[in-house]
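Numbering (the numbering used here), first residue to last: 2 to 67.
Notes for the one structure printed next.
As structure tokens, then:
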């Protein structure tokens, strides 16, 4: 039988490995659920309309260069 410190070390390593495996499985399941439910990132909302964009472009073209 291993000494007290060796036993604790083995136990700690075993627990750490179990946690890592559990986390890996949890991430895989989460990824699979996301794929199955079809959750996707929302597209970026347009900040300005087309007319506003054109106005801003024109303004930047004719702005004085310092």
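We put the beta carbon where it would ideally sit given N, CA and C, even for glycine.
Note that the structure is predicted; figures quoted are calculated from it, not measured.
Euclidean distance between Cα positions of residue i and residue j
| i | j | result |
| --- | --- | --- |
| residue 54 | residue 30 | 43 Å |
| residue 7 | residue 15 | 12 Å |
| residue 52 | residue 62 | 16 Å |
| residue 57 | residue 50 | 11 Å |
Cutoff 8 Å: residue i Cβ touching any chain C Cβ
| i | result |
| --- | --- |
| residue 38 | No chain C is part of this structure, which consists of one protein chain only. |
Extent of the continuous alpha helix (DSSP H) run through residue i
| i | result |
| --- | --- |
| residue 64 | First-last for residue 64: undefined, no H or E at that position. |
| residue 39 | Premise fails: residue 39 is in no alpha helix (DSSP H) and is neither H nor E. |
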